[in-house]
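For the record, in the sequence shown the residue sitting at position 139 is 148 according to the working numbering, with numbers rising by one throughout.
Glycine included, C-beta positions come from ideal geometry on N, C-alpha and C.
Since the structure is predicted, the reported quantities are computational estimates derived from the model, not experimental observations.
Everything on this sheet refers to the single structure shown next.
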Amino acid sequence: MDGKVAIITGASGSLGAAAARIFFREGVRLALVHLQHGVPPELANAHGTVLSLAVDLQNPEAAGNMVAEVLQRFGRIDILANIAGGFSMGEAVHEVSHETWERMFSLNAGTLINACRAVIPVMRKQRYGKIVNVGAQSAQTGKALMAPYIVSKSAVIRLTECMNEENRGFGININCVLPGTIDTLQNRSQMPDADRSLWASPEAIAEVIAFLASNASRALHGASVPVSGPCG
């Protein structure tokens, strides 16, 4: 991926930051998109190759402005890693508020749609692009007390398949990863008694994202790749 230009959304989160580090090591020029928390400290001073952008991707206009700024800096966009998202659980479907449904769809599907709406015309013009979305293994089946999250992440899988069918003829590969529970400090503190043997580290998941963003994945179209531990 040396010399490619990538947009990574959700770049201040554990998975987004891990992807940013791997992409940077591979020689990718980066536009790191976050709400307000900034970029990994070791990348903060790489001004020539790293562009830090505070953007609310729930706003379609903001997503368009973000793409324009990336093009102004780097001249092209080769990779879009849609990592931004959110999580909520704890209520039965009949108890979930309208606001929770709206928030989960906006964070998990809306940010993806807005970013892709802005980026895909650029990739079509180039006749080249790699888009990697982040779904969830839990979105493959229904589970109690998780409906807004599961349904919104299920939408990510179907959106990946739809966009792939629409764009594979333009030299664009669109795939998604389906992480299980990610081994982060936050998840460890919230689930201290959980079996972590099937948890995957952010770095392990980010390596799969990097593979899907590379030319080694050129034969994959519309795939949903499960990623979980053990990673030993």
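(Q) Can you find the residues in the same chain that come closer than 6 Å, C-beta to C-beta, to Gly19, ignoring five residues on each side of it along the sequence? (A) Looking up residue 19 in the sequence shown gives position 10. Closer than 6 Å at the Cβ level, and outside the excluded window around Gly19, lie Gly25, Ile92 and Ala93.
Q | Identity of the residue in Arg30, Val42, Glu70 and Pro69 nearest Leu52 by Cα | A | Residue 52 sits at position 43 when you count from the first residue of the sequence shown. Cα-wise, what sits closest to Leu52 is Arg30.
Q) Along the chain, where does the alpha helix (DSSP H) that runs through Ser161 open and close? A) Position 152 of the sequence shown, counted from the first residue, corresponds to residue 161. Ala156 to Asn176 is the span of the alpha helix (DSSP H), which, as asked, contains Ser161.
Q) Could you give the uninterrupted runs of the alpha helix (DSSP H) lying entirely in the stretch 39-109, keeping only those of 4 residues or more? A) 69-83
Q | From Pro211, Ser206 and Asn182, residue whose alpha carbon lies closest to that of Arg227 | A | For the purposes of this step, residue 227 is identified with residue 218 of the sequence shown, where counting begins at 1. With distances taken between Cα atoms, Arg227 lies closest to Asn182.
Q: Return the bridge partner residues of His18 from the DSSP annotation.
A: Residue mapping note: residue 18 aligns to position 9 of the sequence shown, counting from 1. Going by the sequence as given, residue 18 is Thr instead of His. Paired residue(s): Val42.
Q) Does the beta carbon of Gly73 come closer than 8 Å to any beta carbon on chain B? A) Any reference to chain B falls outside this structure, which holds one protein chain only.
(Q) What would DSSP say about Gly25, mapped onto helix, strand or coil? (A) Stepping through the sequence shown from its first residue, residue 25 is reached at position 16. Of the three classes helix, strand and coil, the one that applies to Gly25 here is helix, per DSSP.
Q.
Given this structure, state the Cα-to-Cα distance separating His103 from Ser97, to the nearest angstrom.
A. Your numbering for residue 103 matches position 94 in the sequence shown. Your numbering for residue 97 matches position 88 in the sequence shown. Rounded to the nearest angstrom, the two C-alpha atoms are 15 Å apart.
(Q) Closest to Val236 by C-alpha separation, out of Ile16, Glu78 and Ala215, would be which residue? (A) Reading the sequence shown from its first residue, position 227 is the one you call residue 236. With distances taken between Cα atoms, Val236 lies closest to Ala215.
(Q) Can you list, in chain order, the residues of its chain with a C-beta nearer than 6 Å to that of Tyr137? Leave out the 5 residues immediately preceding and following it. (A) Position 128 of the sequence shown, counted from the start, is the residue given in the question as residue 137. Gly180, listed in sequence order.
Q.
Between which two residues does the beta strand (DSSP E) holding Pro235 run?
A. Here residue 235 refers to the residue found at position 226 of the sequence shown. Looking at the DSSP string, the run of the beta strand (DSSP E) that includes Pro235 is Ser233 to Val236.
Q: Below 8 Å on the Cβ atoms is my guess for Gly144 versus Ser233; work out the distance and round it to an integer in Å.
A: Taking the sequence shown and counting its residues from 1, one reaches residue 144 at position 135. Taking the sequence shown and counting its residues from 1, one reaches residue 233 at position 224. That belief holds up - the Cβ atoms of Gly144 and Ser233 are roughly 6 Å apart, short of 8 Å.
Q.
Short of 7 Å in beta carbon distance, which residues of its chain neighbour Asp65, apart from the five on each side in sequence? Order them along the chain.
A. Looking up residue 65 in the sequence shown gives position 56. Closer than 7 Å at the Cβ level, and outside the excluded window around Asp65, lie Leu44 and Ala71.
Q.
Once the 5 residues before and after Pro211 are set aside, which same chain residues still bring their CB inside 7 Å of it?
A. Sequence index remark: in the sequence shown, residue 211 carries index 202 (1-based). Closer than 7 Å at the Cβ level, and outside the excluded window around Pro211, lie Ser23, Leu24, Ala27, Ile191 and Thr193.
Q) Is Ser206 buried or exposed, if buried means 16 or more other CB atoms sit within 10 Å of its CB? A) The residue you call residue 206 lines up with position 197 of the sequence shown. Its Cβ having fewer than 16 others within 10 Å, Ser206 is exposed.
Q: Given a cut-off of 8 Å, decide if Val37 and Met10 are closer than it, judged by their beta-carbon atoms.
A: If you number the sequence shown from 1, residue 10 lands on position 1. If you number the sequence shown from 1, residue 37 lands on position 28. Yes.
Q: Ignoring anything shorter than 3 residues or poking outside the stretch 174-215, list the beta strand (DSSP E) runs there in chain order.
A: 181-188
Q) With 16 as the cutoff for other CB atoms within 10 Å, does Asn54 come out buried or exposed? A) Mapped onto the sequence shown, residue 54 falls at position 45. Result: exposed.
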